[in-house]
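Report on the structure given below.
2 protein chains.
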Amino acid sequence: MANEPGFDLKAYLGEKRAIVDRALRDNLPRSSGPASELNQAMEYSLFAGGKRLRPILCMAGGAAVEGDEETVLPVACALEFIHTYSLMHDDLPAMDDDDLRRGKPTSHKVFGEAMAVLAGDGLLTEAFFLMTSPKIAGRIPPRALIRVTRMIARAAGPAGMVAGQAADIRSEGQQIDLDVLEYIHAHKTGALITASVASGAVIGLGEASQIQALADYGKKIGAAFQISDDILDVEGDSHAMGKRTGADERKGKATYPSLLGLARAKEIQSGLIEEAVTALSGFGKAAEPLRHLARYIIERKK
Amino acid sequence: MANEPGFDLKAYLGEKRAIVDRALRDNLPRSSGPASELNQAMEYSLFAGGKRLRPILCMAGGAAVEGDEETVLPVACALEFIHTYSLMHDDLPAMDDDDLRRGKPTSHKVFGEAMAVLAGDGLLTEAFFLMTSPKIAGRIPPRALIRVTRMIARAAGPAGMVAGQAADIRSEGQQIDLDVLEYIHAHKTGALITASVASGAVIGLGEASQIQALADYGKKIGAAFQISDDILDVEGDSHAMGKRTGADERKGKATYPSLLGLARAKEIQSGLIEEAVTALSGFGKAAEPLRHLARYIIERKK
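Protein chains in written order, with the working numbering: chain A, 16 to 317; chain B, 16 to 317.
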């Protein structure tokens, strides 16, 4: 369960990010002629400096069950499409009304609101085009691909991420309790992170017990990830994060630190990471990246 | 090729609409607790009086190849989810800024802009959850289901419907030529209509040549459908349509009548319908609903 000495997480992340970036570029949706601005808008947000956490988790989930990375890669990219679309729509004036994201003007500031909505819609839809690609369909039993498509649709849709954002929007400026905060985070962030790890394991043709263990791991790190976001908004370096910190407090947004205090929030976060690593106890060296990724969630600066 | 005497299109449409409405209700996405308003918004737009043209075309496409209607039905519903989402986003203030749709206040007028964006996102994502349902996956070869999922994602995404809307938005207030108008319509409306017919045929396990013929049919009626919309905006009864007519002219929007004149637009429309019916020449009685549906497109009042 202990981290293997010598594992270089920074090098791992750099290597995987480069693979994801190349694959994203290869799989960029291309609209023709009169709709070409749509491409620019999709490309702009896809390459606006994302950490590629979800694709990397998907690949690491596949690697944990010794799946073929090439086969997992289109699904990993599809997850980044979905994540990017969700940020574009969250940033809209009618939603969180954010002008900056990762230090760059948000999509609607550059392309206008209509194009930001449409480019988000385009990325979400394209995700399902990409994940049903013959590149995957020809390589694994088609039922596994259907399962993954359904798993990701569930995690991203009205029983998952979209529900989390809807609850978040409706809770703004309201007093909410820990139950609602947990609902928001489990849906808004947790569901897609869990699906990222689990979908990699399904595409990698893991056994049922492995997929379950990896989904448990995903659930724990998903929860910890959101607590990190909350903590970073209090303690983070706005330069590293590319946006102003303290936004949650200014907006009167309930967060783990605001509801429980910073110390207790950190305690919960550490507990979740330990539980995540424990969920991997049945795995050997192949899950080493996932163990390090869990800790990275606490240690990240942005 | 002639219409069979005695086919009652009105009864057919009524019967199929009732089946679709029941299935839509059975398959309504349900978000829990703090996100329950999302459900209301999705339900409101799904049941705001749609004609259910795409689901009915999907079912008729399935019937043409003598497929099982029960198996086609979830895909038919998924197509209505996608169509409804596209209307919700099109109506947004940043897009077409419409307050009324089918005589009722649009989603953002009732639920606010944020919820209208999210409910649209939710319906789009749920469509892919629904179409990968075990209700279908257990009944047809999984490869056929993957093919349909990919076909619909392509038709709805940045190479299809979303591109059409992007081109439409960017053409507003501009002089555009017939090429661009055709691009807009082929993508914005035609692609999903074509996919509706073709996906029914794939789920119905039609032969390749049948699927191709039905896709050709879909392409023709898709083009004719948009010309009808343009003509209805000039000649239609605003009461029957539930919105003010003449909107295209007021907005300076290029349409078939504005570019070619009303008479020529009607001529093209009739030609397309004849070609659509011709595409069905290899089919017998099973394609009778599709033949009548093609003519309905010209004759509809809303």
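Positions of the beta carbon are idealized from the N, C-alpha and C atoms, including for glycine.
It should be emphasised that the depicted structure is a prediction, and the values quoted were computed from it without experimental measurement.
Contact with chain B by residue i, beta-carbon distance below 9 Å
i: Met16 of chain A; result: At Met16 of chain A the pLDDT is 44, less than 50, meaning the model places this residue with poor confidence and gives no usable figure here.
i: Arg279 of chain A; result: no
i: Leu107 of chain A; result: yes
i: Arg116 of chain A; result: no
i: Ser214 of chain A; result: no
i: Tyr311 of chain A; result: no
i: Arg185 of chain A; result: yes
i: His104 of chain A; result: yes
i: Gly237 of chain A; result: no
i: Ala181 of chain A; result: yes
i: Ala301 of chain A; result: no
i: Asn54 of chain A; result: yes
i: Arg315 of chain A; result: no
i: Tyr337 of chain A; result: What is shown of chain A runs 16 to 317, which leaves residue 337 of chain A out entirely.
i: Arg67 of chain A; result: no
i: Leu305 of chain A; result: no
i: Ile226 of chain A; result: no
i: Tyr100 of chain A; result: yes
Proximity test, Cβ basis, 9 Å: residue i and chain A
i: Phe22 of chain B; result: no
i: His200 of chain B; result: no
i: Val177 of chain B; result: yes
i: Asp263 of chain B; result: no
i: Glu141 of chain B; result: yes
i: Phe296 of chain B; result: What sits at residue 296 of chain B in the sequence shown is Ser, not Phe. By this cut-off, Ser296 of chain B is not an interface position.
i: Phe144 of chain B; result: yes
i: Glu95 of chain B; result: no
i: Asp41 of chain B; result: no
i: Glu30 of chain B; result: no
i: Ala171 of chain B; result: yes
i: Thr86 of chain B; result: no
i: Ala269 of chain B; result: no
Close beta carbons around residue i, own chain, < 8 Å, minus the five adjacent residues each side
i: Phe126 of chain A; result: Glu52, Gln55, Ala56, Tyr59 and Ala134
i: Leu287 of chain B; result: Lys235, Ile236, Ala238, Ala239 and Ile242
i: Glu81 of chain B; result: Gly219 and Ala301
Residue i vs residue j beta-carbon contact at 9 Å
i: Arg315 of chain A; j: Leu247 of chain A; result: yes
i: Glu197 of chain B; j: Ala238 of chain B; result: yes
i: Pro44 of chain A; j: Gly205 of chain B; result: no
i: Cys73 of chain B; j: Gly276 of chain B; result: no
i: Ile71 of chain B; j: Ala91 of chain B; result: yes
i: Ser211 of chain B; j: Arg69 of chain B; result: yes
i: Ala79 of chain A; j: Ala291 of chain A; result: no
i: Met103 of chain B; j: Ala75 of chain B; result: no
i: Thr270 of chain B; j: Ala280 of chain B; result: yes
i: Thr140 of chain A; j: Ala168 of chain B; result: yes
i: Ile161 of chain B; j: Thr164 of chain A; result: yes
i: Gly188 of chain B; j: Ala213 of chain B; result: no
i: Glu95 of chain B; j: Gly65 of chain B; result: yes
i: Gly48 of chain B; j: Val195 of chain A; result: yes
i: Ala63 of chain B; j: Lys119 of chain B; result: yes
Neighbourhood of residue i by C-beta, 7 Å cutoff - its chain only, sequence neighbours within 5 removed
i: Ala33 of chain B; result: none
i: Ala17 of chain B; result: No answer about Ala17 of chain B holds up, because its pLDDT of 48 lies below 50 and its placement is not dependable.
i: Ile199 of chain B; result: Gly179, Ala182, Asp183 and Ser186
i: Ser243 of chain A; result: Gln284, Ile312, Ile313 and Arg315
i: Lys150 of chain B; result: Pro89
i: Asp105 of chain B; result: Asp111 and Gln180
i: Thr86 of chain B; result: Ile151, Arg154, Ile155 and Ile218
i: Gly297 of chain B; result: Ala228
i: Ala159 of chain A; result: Val217, Ile218 and Leu220
i: Met176 of chain B; result: Ser101, Ala170, His202, Lys203, Ala206 and Leu207
i: Leu24 of chain B; result: His307 and Tyr311
Sequence-distant residues of the same chain with beta carbon closer than 6 Å to residue i, five excluded per side
i: Lys124 of chain A; result: Asp114
i: Thr99 of chain B; result: Ser60, Leu61 and Leu138
i: Ile236 of chain B; result: Ala291, Ala309 and Ile312
i: Asn42 of chain A; result: Cys92 and Leu145
i: Ala38 of chain A; result: Leu88 and Cys92
i: Ala174 of chain B; result: none
i: Lys266 of chain A; result: none
query = Can you list, in chain order, the stretches of the alpha helix (DSSP H) that have 4 or more residues and sit fully within the region 76-133 of chain B?
reply = 84-105 and 122-126
query = Which ranges would you report for the alpha helix (DSSP H) in the region 186-223 of chain A if only whole runs of at least 4 residues count?
reply = 193-200 and 206-218
key: 4 or more residues per run - each alpha helix (DSSP H) lying fully within the region 243-293 of chain B   = 253-256, 262-265 and 271-275
request  = Give, in chain order, every unbroken run of the alpha helix (DSSP H) that is at least 4 residues long and sits entirely within the region 129-184 of chain A.
outcome  = 149-152 and 157-171
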